[in-house]
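Numbering (the numbering used here), first residue to last: 57 to 338.
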Ligand code: AMP
Ligand code: ZN
Ligand code: FE
Ligand code: FE
């Protein structure tokens, strides 16, 4: 059975692997197809596509948009989007700016606790346009202000802790529309993690294309439950490891394997959506 991993992060957001390292790991795990789904950016896609082409791995462009619906955070995966789509690029650039400002705010709060972290240290370490809490945690460990990443989250960065800062998010319904106008497919990421099942009917009504059923944090029963929901709504089934490289110990790539038949269905859905758009434009 050939398989795929459709949820991976690189150095272009909070993963630790370069695009070329991701392709090398994918090859080693004998993955037929992978998608790069960095948070709020598609910047890493071009290099990952080139590295995958050289390794004879199918590459699917993607991003993971931070969104909200009825005051609940949820993540929407975008697949097969046009990386050059002007509206997509402009919209995600706004959220990258929000992320950068949020880093400054988190550092300010850490400083108020008399801990001498500098925003510039976090930005230097992140070295990307879409920084997040893991970069703050890594910078704290690097500056010996914390022993481990977990300690940084537990003491400072987790929701409700002193340096936690809420993040302005895109509406999930708008995210779906944004993805569609960029020629992509919109998939609800790890619903078992966000516990926002009650949002599913609204997202489906807005044109949601799929549900990520297989994920590192989904056990077999959870994966089964979301496959059932996906089938009931006629949605695509996707899955991936959500690998962030070496930031959380052993890399997760290769541990969640999506049957390639679901990738074929993804391509077919993209083709059908393109044909529908072309017919509507005539
Ligand atoms: P952000 O997008 O800035 O809110 O950060 C979210 C990222 O932080 C996700 O990639 C999570 O996997 C990661 N994260 C959340 N909680 C923890 C934790 N306790 N330890 C390590 N990483 C975490
Ligand atoms: Zn992440
Ligand atoms: Fe996520
Ligand atoms: Fe993710």
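Backbone N, C-alpha and C define an ideal beta-carbon position, used for all residues, glycine too. All values derive from a computational prediction rather than experimental measurement.
Distance from the CA of residue 142 to the CA of residue 130, rounded to the nearest whole angstrom, comes to 24 angstroms.
Apart from the 5 residues on each side of it in sequence, residue 204 sits with its Cβ closer than 7 angstroms to the Cβ of 197 in its chain, given in chain order. Within its own chain, the residues whose Cβ lies closer than 6 angstroms to the Cβ of residue 178, once the five positions on either side in sequence are excluded, are 159, 191, 192 and 195, listed in chain order. For residue 73, the secondary structure class from DSSP, reduced to helix, strand or coil, is coil.
A distance below 8 angstroms separates the beta carbons of residue 310 and residue 81.
The Cβ-Cβ distance between residue 73 and residue 301 falls below 8 angstroms. By the neighbour-count definition (other C-beta atoms within 10 Å, threshold 16), residue 225 is a buried residue. Excluding the 5 residues flanking it on each side, residue 97 has same chain C-beta neighbours closer than 7 angstroms at 68, 69, 119, 148, 152, 185 and 186, in chain order. Assigned with DSSP and collapsed to three states, residue 88 falls in strand. In this structure the segment 236-246 touches the segment 267-283; the number of beta carbon pairs closer than 8 angstroms is three or more. Annotation for residue 248: the continuous alpha helix (DSSP H) segment containing it runs 247-250. Put simply, the segment 313-330 touches the segment 235-244. At least three CB pairs are less than 8 angstroms apart. According to DSSP, residue pairing for residue 285 in a beta bridge does not occur.
Around the CB of residue 57, fewer than 16 other CB atoms lie within 10 Å, so the residue is classed as exposed.
Following the DSSP letters along the chain, one finds residue 144 inside the alpha helix (DSSP H) bounded by residues 142-167. Each of 120, 131, 245 and 246 has a C-beta closer than 6 angstroms to some heavy atom of ligand 3; these make up the full list, in chain order.
Between residue 296 and residue 63, the C-beta gap is smaller than 8 angstroms, which places the two residues in contact. Residue state for residue 309 is assigned as coil, using DSSP reduced to three classes. Counting along the chain, the unbroken beta strand (DSSP E) around residue 270 starts and ends at 266-271. Per the Cβ contact rule, the segment 104-117 is in contact with the segment 84-94 (3 or more Cβ pairs under 8 angstroms).
DSSP places residue 104 in the uninterrupted alpha helix (DSSP H) bounded by 101-110. Of the heavy atoms belonging to ligand 2, at least one sits nearer than 7 angstroms to the Cβ of residue 188. For residue 289, the closest of 260, 316 and 281 by C-alpha to C-alpha distance is 260.
Here the C-alpha atom of residue 175 lies approximately 11 angstroms from the C-alpha atom of residue 182. For a cut-off of 8 angstroms, the C-beta gap from residue 256 to residue 285 is around 7 angstroms, short enough to register as a contact.
Per DSSP, the beta bridge partners of residue 293 are 267.
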